[in-house]
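Just so we're aligned: 438 in the working numbering is position 234 of the sequence shown, and the numbers increase by one with no gaps anywhere.
Where a beta carbon is used, it is the ideal one built from N, C-alpha and C, also for glycine.
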Amino acid sequence: TLAKQKKQFARAYDVGMDESYMRRLQILKALPEAVSQNKLQLHFQPKLDCQQGNVIGAEALVRWRHDELGVVRPDEFIPLAEQTGEINRITRWVCAAALDQLQLWHEQGHGLMMAINLSALDLQWDELGDYLTTLLRERGLPPDKVTLEVTESAVMADPEQAIERLGQLRAAGMRISIDDYGTGYSSLAQLKRLPVDELKLDRSFITELSDNMADQTIVRSTLALAQEMKLATVAEGVEDDAAWQVLRSLGCQTMQGFYFSRPLAATEFDKWLQSYKAPQ
Ligand code: C2E
Ligand code: MG
Ligand code: MG
Ligand code: MG
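Structure follows, in structure tokens:
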């Protein structure tokens, strides 16, 4: 029966491999056309200030509507796009689309900010700062309304490169945030050298914040560190009122999460924004 079990396992494993392998192939094959065929879409998740619960902006999160696979999440296709080099085209599309939306909001009188995610490979692109500066100028947008989110692990993949590129972006007036902070391996010595404005606490520390004492300890000390280093703080993954109240009492500045809203297409975001009232 052990032999039989092994055989069954091998078969299940093969099938599983086949499926995910085929899926990867399908994604890789369609990826070059995702931008040109207009298959990418941005969703926007509101960002709020922790004290009052007022909306201060949004994070742009990319989605891909694949003809056969349906909506493919960025966690799945961004790593593949990095492997094929397609990421550069995707990043340019994301930046332009996010700033188009920000321009609309500003024209409507909402002085919101926009957070845009960058991948590790984007930091190797010499023209990134010029590209963004041109987009901002064309739309008449102030650079300090843009926050660029780079994951801690992307920065640590090549800290020297990251320091140079993030320094350029910051010199151009944009804000830099370290995404998924606490999940990577940056030392305090490295953090001190980085040209950054904000730490974004990873949601793994936030979702159970109200009843997990270890998470509270981590969040409290990270907020103290950020304050000491004059960095802004944002928490992602706020899923209930209790987590918000802990963040508020610990002095976190801004937040986002399903408790307030999931990421929404632009029209849904606008509807949500119109009906939203900060809880008292
Ligand atoms: P991220 O930047 O850390 O974004 C947060 C992710 O957490 C998003 O998933 C969001 O939908 C999800 N999230 C937000 N609030 C909650 C919550 O309360 N609970 C839970 N469980 N999840 C929450 P999403 O949109 O699937 O994005 C996944 C990752 O893909 C992002 O993580 C980011 O690293 C990457 N990504 C997204 N858009 C882009 C993009 O335009 N360019 C690049 N390079 N990467 C992107
Ligand atoms: Mg992010
Ligand atoms: Mg994050
Ligand atoms: Mg993340």
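Taking a contact as a CB-CB distance under 8 Å, the pair L454 and L435 does not count as one, their CB atoms being some 15 Å apart.
If the five residues before and after P483 are omitted, its C-beta is found closer than 8 Å to the C-beta atoms of G257 and D445, all from its own chain and listed in chain order. In this structure, DSSP gives H310 a helical state, which the three-state scheme calls helix. If you check the C-beta of N258 against ligand 1, you find no heavy atom less than 7 Å away. Around the beta carbon of L373, 16 or more other beta carbons lie within 10 angstroms, which makes this residue buried. One alpha carbon belongs to P347, the other to Q307, and they sit about 12 Å apart.
Apart from sequence neighbours up to five positions away, the residues of its chain that approach F409 with a beta-carbon distance below 7 Å are G386, D419, I422 and V423, ordered along the chain. Distance check between G441 and each of Y389, P399 and L451 places L451 closest, using alpha-carbon atoms only. In the displayed model, W297 falls within a helix according to three-state DSSP. When beta bridges are read from the DSSP output, E432 appears opposite no residue. With fewer than three CB-CB distances shorter than 8 Å, the stretch 335-350 does not count as touching the stretch 267-287. Straight across, the Cα-Cα distance linking S323 with Q449 is about 32 Å.
Shown here, Q394 sits in a helix according to DSSP, grouped into three states.
Distance between G289 and K481, taken at the CA atoms: about 43 Å.
Here K396 is exposed. Its C-beta has fewer than 16 other C-beta atoms within 10 Å. A direct Cα-to-Cα measurement between A393 and L273 gives close to 44 Å. Apart from the 5 residues on each side of it in sequence, D222 has no Cβ closer than 6 Å to any other Cβ in its chain. Following the DSSP letters along the chain, one finds V275 inside the beta strand (DSSP E) bounded by residues G274 to V276. Not one heavy atom of ligand 3 sits closer than 7 Å to the Cβ of D279.
Here the distance from the Cβ of D406 to the nearest heavy atom of ligand 2 is not below 7 Å. With contacts defined by Cβ atoms closer than 8 Å, S390 and A319 do not form a contacting pair. D384 has its CB nearer than 7 Å to a heavy atom of ligand 3.
No heavy atom of ligand 1 is found nearer than 7 Å to the CB of P283. When the beta-carbon positions are compared, T458 and L252 come within less than 8 Å of each other.
With 16 or more other Cβ atoms from the protein chains shown falling within 10 Å of its own Cβ, R407 counts as buried. In this structure L303 is in contact with R343, their Cβ atoms being roughly 6 Å apart against a cut-off of 8 Å.
In this structure, the alpha-carbon of R466 lies about 30 Å from that of A366.
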